[in-house]
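Trainee:
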Amino acid sequence: MNRKNDNPEKEIEKEELIKAKKLQKVFVVGGGFARSRLLAVDDVSFQVNKNEIFTLAGESGCGKTTVSKILLGFLEPTQGEVYYRGKNVLELQKWEEKKQFMKEVQSIFQNPFETFNPLRKVDCYLHDTAKNFGMNGKKRDKKAVEEALQSVGLGMEEVQGRYPSEFSGGQLQRISIARALITKPSLLVADEPVSMVDASLRMSIVNLFKELRDEHSVSVLYITHDLATAYYVSDRIGIMFRGNIVEMGDVEEVLMNPKHPYTQMLKESIPEADPKKKWTERVSITELETEEYMRKGCKFAGRCPFVEEKCKDFMPEEFFVDGRMVRCWLYEK
Amino acid sequence: MDILKTENLKSYYILEMGETKKEVKAVNNVTINIREDEIYGIAGESGCGKSTFLKTICKLVEPPLRMIGGTIYYQIDGKYVEITETKEEEFRKLRWKYISYIPQGSMNALNPIIRIRESFKDFFTAHQKIENEERDFEEPLRKHLSALGLPVRVLKSYPHQLSGGMRQRTTIALATILKPRIIVADEPTTALDVVAQRAVIQLLKDIQKLQKNTIILVTHDMAVHANITDRIGIMYAGMFVEEARTDDIFENPLHPYTKFLIASLPKMGDKTYKPSVPGVPPSLSNLPPGCPFHPRCPYAMDICKKEIPQLVELNTEHKSACFLNSKERVE
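Listed below in structure tokens is the structure:
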């Protein structure tokens, strides 16, 4: 599967599904004199096209979950807009329109054991979703549920009348994907869907996303810290660092030939499951997370090996180099 | 020489709710030898008994967990000592000096309202006499921290002032200050950023090189195993199903479960299809008869459904518990 974007202009030609425009989210931390502002997400713009898996990757605390919450409408951004099929999601007034949006954009969460109420049978969730999103009539509801279960490789008889404790993490995650598929969505927002799933079953979830893209034309916004699965599954990727997307483009290009110093360091620090590729160089961590958030210029300046005076005071703009976006002064033309 | 060995070790969680009694066989008949001066990794999926195994060998067995049978030997000054029978007061002398345990989520174990230095002192006085504060406490502490590359300023900080990676490294420093012969670390790198994770791995490696002791490392992350361990034991449903040198596990896995596990690891620069292990992990309270992997195993034979395969040495330092492999050996 080759989905290369040779230049940024061409990207626009692709049919976009959801688009985030200059999102910003400020959290106020503490109270009284200890009050301070934390820029959790700053100037984040990206889009997910039809029929594609887009990954937002980054370390914990980089703001990727905040972005997903803003897209789903759980959080209101301080600034910026979200467009779904050209419509501004934040300004949807009518309940019908909101419902349509919820129907088409579904989400999957990190911990499948917390997704389900332990005292409710799991099939309740499936039937509820079918009912709430008006699949018209009991018979059609049932069919929709069965189809959704089938597409994740489960059968109704395996699920019916059972409680969450009777399933493994991988199975529960499949059921929560099935639940999301009942409404026939065009976009799945999956926030760390495999981090709580056993290693042996992890790939079954990731493969499922590929299948959904290829056979059911479902786009996926895959949010993860795991670059290896991101490389395996996605078409395009955005690397987040302390609230900004620092590099974004084709996954093959960005991960195999990273341009931003942070992406280079991140790739370098990820252990590879190969005893022949052990690390030889040493690392040291010095700066604290919050100090980095408070930085005025480039957030990575404190650790960057190529740091210049300019980086400390000015936030780099988005530069387009070789068909990808890099937010680093090194690539200013 | 072995530093720790277990024979037919069994520990179960026993849950009694009125009339119903439930047994969760978390460690089921484990016989294993861990050597001096090595990093031994234990891999397996969540709920396979990795953490319970560690608790049992550290004698941290509390109800509902119960040790059902088997023996644990520590090698102390060249002699094997059976520790399942030792009294708690005597065992306390071994704890932290001979064997130290870094539990899961240990970065949150530091007392939040005292400075790190006080935590170190509390801990020190509990295990060693301090006659002269400067000579017996301050100096070895500073030496230990600088040897591990931690800044001395952490001693003056409160835990909330440090990042997760720093806290984790501080607790590791705390656990190793008395130079224990065995360090048992349970998922020390989970919930950390990649860079912090790398620093923790580096720290563990440094400690092992410096103190020439044994580290038993449990993690489900095979990439961490590849990077740090000398030997790996693969656990499945409370049993060790394969054990070999790290290179052999990755290059030439013998047990079908390990084969699937290694084949499913995604790698950078490789987009070929990676299948996942078929089926679902068994419940430890209701194990299938015979080999616990047989319902998921595509090569299952009749014998697999009846008998439990034993861990047998097939090649040098390569053990596997599977009838497929041992049968080949017999013929």
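Chains as they are written, first to last, in the numbering used here: chain A, 1043 to 1375; chain B, 2 to 332.
All C-beta atoms, glycine included, are put in the ideal place defined by N, C-alpha and C.
(1) Would you please state the rounded distance, in angstroms, between the beta carbons of B:Gln169 and B:Ser107? I believe it to be under 8 Å.
(2) Could you work out which residue in A:Ile1219, A:Val1239, A:Lys1067, A:Leu1230 is closest to A:Pro1119 when comparing CA atoms only?
(3) Among B:Lys6, B:Phe92, B:Lys275, B:Lys22, which has the Cα closest to the Cα of B:Leu61?
(4) List in chain order: all unbroken alpha helix (DSSP H) runs of 4+ residues lying wholly within the region 87-111 of chain B.
(5) Examine chain B for any beta-carbon lying closer than 9 Å to the beta-carbon of A:Leu1191, and answer yes or no.
(6) Nearest by alpha-carbon distance to B:His362: which of B:Pro267, B:Arg116, B:Gly50, B:Asp194 is it?
(7) Between which two residues does the beta strand (DSSP E) containing A:Ala1082 stretch?
(8) Quick one: what's got a C-beta closer than 7 Å to A:His1169's C-beta in the same chain, skipping five residues either side?
(9) Under a three-way DSSP split, which group does B:Leu55 fall into?
(10) With A:Ser1261 as the anchor, note down where its alpha helix (DSSP H) starts and where it stops.
(11) Cα separation between A:Leu1254 and B:Thr317?
(12) Looking at C-alpha atoms only, which residue of A:Arg1369, A:Cys1340, A:Tyr1264, A:Val1239 is the closest neighbour of A:Phe1356?
(13) Give me the Cβ distance between B:Ile103 and B:Pro189, rounded to the nearest whole Å; I'm assuming they're in contact under 8 Å.
(14) Please return the same chain residues whose Cβ sits closer than 7 Å to the Cβ of A:Pro1154, not counting the five positions on each side in sequence.
(15) Measuring CB atoms only, is the region 1058-1065 of chain A touching the region 1086-1106 of chain A, in the sense that at least three cross pairs come out at less than 8 Å?
(16) For a test of the three-state rule: what should DSSP assign to B:Gln311, helix, strand or coil?
(17) Can you check DSSP and say which residues form a bridge with B:Val82?
(18) Count the other CB atoms within 10 Å of the CB of A:Cys1370; is the residue buried (16 or more) or exposed (fewer)?
(19) Does any CB atom of chain B fall closer than 9 Å to the CB of A:Asp1317?
(20) Which residues does DSSP pair with B:Asn316 in a beta bridge?
(21) List, in order along the chain, the chain A residues whose C-beta lies closer than 8 Å to that of B:Thr53?
(22) Which of the three DSSP states, helix, strand or coil, is assigned to A:Pro1050?
(23) Is there a C-beta anywhere in chain B that falls below 9 Å from the one on A:Arg1045?
(24) Do B:Leu111 and B:Thr171 have their C-beta atoms closer together than 9 Å?
(25) What does a CB cutoff of less than 6 Å around B:Asp137 pick up in its chain, not counting 5 residues either side in sequence?
(26) Could you check how far apart the C-beta atoms of B:Arg55 and B:Asp187 are, in whole angstroms? I think they sit under 8 Å.
(27) If we call anything under 9 Å between Cβ atoms a contact, is B:Pro293 one with B:Ala245?
(28) Just reading off the alpha helix (DSSP H) that B:Gly48 is part of, what are its end residues?
(29) Report the rounded CA-to-CA distance for A:Asp1048 versus A:Val1260, giving the unit in angstroms.
(30) So, is B:His221 buried or exposed, given that buried needs 16 or more other C-beta atoms within 10 angstroms?
(31) Verify whether the separation of the beta carbon atoms of B:Ile4 and B:Thr215 is less than 9 Å.
(32) Please report the Cβ distance between B:Asn30 and B:Met240, rounded to the nearest whole angstrom; I am assuming they are in contact, meaning their Cβ atoms lie under 8 Å.
(33) Looking only at C-alpha atoms, which of A:Val1368, A:Ile1265, A:Val1248, A:Phe1175 sits nearest to A:Ile1224?
(34) Is the CB-CB distance between A:Leu1098 and A:Met1282 below 9 Å?
(35) Among the residues of its own chain, which have a CB less than 6 Å from the CB of B:Ser321, if the five just before and after it don't count?
(36) Across which residues does DSSP place B:Leu16 in a beta bridge pair?
Mentor: In short:
(1) Translated into the one-based positions of the second sequence, residue 169 of chain B becomes position 168. Translated into the one-based positions of the second sequence, residue 107 of chain B becomes position 106. With a Cβ gap of about 7 Å, B:Gln169 and B:Ser107 count as contacting.
(2) Within the first sequence, residue 1119 of chain A is the residue found at index 77, counting from 1. Taking only the C-alpha atoms, the option nearest A:Pro1119 is A:Lys1067.
(3) As a first step, residue 61 of chain B is located in the second sequence; it is residue number 60 there, counting from the start. That would be B:Phe92, whose Cα lies nearest to the Cα of B:Leu61.
(4) 89-95
(5) Locating residue 1191 of chain A in the first sequence gives position 149, where the first residue counts as 1. No, no contact with chain B.
(6) Chain B is shown from 2 up to 332; residue 362 of chain B falls before or after that span and cannot be answered.
(7) Within the first sequence, numbered from 1, the residue matching residue 1082 of chain A stands at position 40. Segment 1078-1091, the beta strand (DSSP E) holding A:Ala1082.
(8) Here residue 1169 of chain A refers to the residue found at position 127 of the first sequence. These residues qualify, in order along the chain: Asp1183, Val1187.
(9) Numbered from 1 along the second sequence, position 54 holds the residue referred to as residue 55 of chain B. The answer is helix: DSSP assigns B:Leu55 an H, G or I state.
(10) For this step, residue 1261 of chain A is matched to residue 219 along the first sequence. Looking at the DSSP string, A:Ser1261 is not in any alpha helix (DSSP H); the run it does join, the beta strand (DSSP E), is 1261-1266.
(11) Taking the first sequence and counting its residues from 1, one reaches residue 1254 of chain A at position 212. Taking the second sequence and counting its residues from 1, one reaches residue 317 of chain B at position 316. Straight-line Cα distance between these residues: approximately 45 Å.
(12) Locating residue 1356 of chain A in the first sequence gives position 314, where the first residue counts as 1. The candidate whose alpha carbon is nearest that of A:Phe1356 is A:Cys1340.
(13) Walking along the second sequence from the start, residue 103 of chain B turns up at place 102. Walking along the second sequence from the start, residue 189 of chain B turns up at place 188. Confirmed, about 6 Å.
(14) Residue mapping note: residue 1154 of chain A aligns to position 112 of the first sequence, counting from 1. Gly1211, Leu1214, Gln1215, Ser1218, Met1238.
(15) yes
(16) By 1-based counting over the second sequence, the position of residue 311 of chain B is 310. B:Gln311: coil per DSSP, three-state reduction.
(17) Against the second sequence, residue 82 of chain B aligns to sequence position 81. B:Val82 pairs with B:Tyr75.
(18) For the purposes of this step, residue 1370 of chain A is taken as the residue at position 328 of the first sequence. So A:Cys1370 counts as buried.
(19) Within the first sequence, the letter at position 275 stands for residue 1317 of chain A. A quick correction: the sequence has Pro, not Asp, at residue 1317 of chain A. Yes, A:Pro1317 counts as interfacial toward chain B.
(20) Taking the second sequence and counting its residues from 1, the one referred to as residue 316 of chain B is at position 315. In the DSSP output, where bridge partners are listed per residue, B:Asn316 has B:His319.
(21) For this step, residue 53 of chain B is matched to residue 52 along the second sequence. Going along chain A, no residue has its Cβ under 8 Å from B:Thr53, so there is no contact; the nearest lies around 16 Å.
(22) As a position in the first sequence, residue 1050 of chain A is number 8, starting the count at 1. Here the model assigns A:Pro1050 a pLDDT of 48, short of 50, so the residue's position is not dependable and the matter cannot be decided.
(23) Residue 1045 of chain A sits at position 3 when you count from the first residue of the first sequence. Confidence is the limiting factor: at A:Arg1045 the pLDDT is only 48, short of 50, which leaves the residue's position unreliable and the question unanswerable from this model.
(24) For this step, residue 111 of chain B is matched to residue 110 along the second sequence. For this step, residue 171 of chain B is matched to residue 170 along the second sequence. Their beta carbons are under 9 Å apart, which means B:Leu111 touches B:Thr171 by this criterion.
(25) Here the question's residue 137 of chain B lines up with position 136 in the second sequence. Taken in chain order, the residues that qualify are Ile131.
(26) Reading the second sequence from its first residue, position 54 is the one you call residue 55 of chain B. Reading the second sequence from its first residue, position 186 is the one you call residue 187 of chain B. Looking at the sequence provided, one finds Leu at residue 55 of chain B rather than Arg. The Cβ separation is near 5 Å, so the contact holds.
(27) If you number the second sequence from 1, residue 293 of chain B lands on position 292. If you number the second sequence from 1, residue 245 of chain B lands on position 244. Cβ atoms of B:Pro293 and B:Ala245: not closer than 9 Å.
(28) Here residue 48 of chain B refers to the residue found at position 47 of the second sequence. It is not in any alpha helix (DSSP H) - B:Gly48 carries neither H nor E in the DSSP assignment.
(29) As a position in the first sequence, residue 1048 of chain A is number 6, starting the count at 1. As a position in the first sequence, residue 1260 of chain A is number 218, starting the count at 1. Bear in mind that the predicted position of A:Asp1048 carries a pLDDT of just 47, short of 50, making it too unreliable to give a figure here.
(30) Numbered from 1 along the second sequence, position 220 holds the residue referred to as residue 221 of chain B. With 16 or more other Cβ atoms within 10 Å, it is buried.
(31) Here residue 4 of chain B corresponds to residue number 3 of the second sequence, with the count starting at 1. Here residue 215 of chain B corresponds to residue number 214 of the second sequence, with the count starting at 1. Yes.
(32) By one-based count along the second sequence, residue 30 of chain B stands at place 29. By one-based count along the second sequence, residue 240 of chain B stands at place 239. Confirmed, about 7 Å.
(33) For the purposes of this step, residue 1224 of chain A is taken as the residue at position 182 of the first sequence. Of the candidates A:Val1368, A:Ile1265, A:Val1248, A:Phe1175, the one whose C-alpha sits nearest the C-alpha of A:Ile1224 is A:Phe1175.
(34) Reading the first sequence from its first residue, position 56 is the one you call residue 1098 of chain A. Reading the first sequence from its first residue, position 240 is the one you call residue 1282 of chain A. It is a contact, given that the beta carbons lie within the stated cut-off.
(35) Translated into the one-based positions of the second sequence, residue 321 of chain B becomes position 320. Glu243, Leu255, His256, Leu315.
(36) As a working note, residue 16 of chain B is residue 15 in the second sequence. DSSP output for B:Leu16 lists B:Lys23 as bridge partner(s).
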